[in-house]
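Asker:
Residue numbers (the working numbering): -15 to 73.
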């Protein structure tokens, strides 16, 4: 989510750095929150802090997107935790 707190941003950046180091040299790629992750055939998407994709991306209405990511990381905040966890906030 754009406009998050400094701690939220630092945690997301740290996760991306750790994942990048872990998957370096392999077939998997680490993406930031700019990459859409398709949630269903209807085309709903989310933009998690970090996504690891070991296969191809697809072209969606939102641009390049992951449809079967290997790892998805969402940093929760008090304001969005229920929604991000599948609740009805």
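Virtual Cβ for every residue (Gly too), placed ideally from N, Cα, C.
Relative to the C-alpha of residue 52, which candidate in 61, 19, 59 has its C-alpha closest?
Answerer: 19
Asker: Consult DSSP for residue 44 and reduce its assignment to one of helix, strand or coil.
Answerer: Here residue 44 sits in strand by DSSP.
Asker: In angstroms with no decimal places, state the Cα-to-Cα distance between residue -10 and residue 43.
Answerer: 32 Å
Asker: Closest to residue -5 by C-alpha separation, out of 33, 28, 40, would be which residue?
Answerer: 33
Asker: Determine the burial state of residue 3: buried for a count of at least 16 other Cβ atoms within 10 Å of its Cβ, exposed for fewer.
Answerer: buried
Asker: Indicate whether residue 0 and residue 21 have their beta-carbon atoms separated by less than 8 Å.
Answerer: no
Asker: Can you grab the Cα-Cα spacing for the pair residue 7 / residue 26, in whole Å?
Answerer: 31 Å
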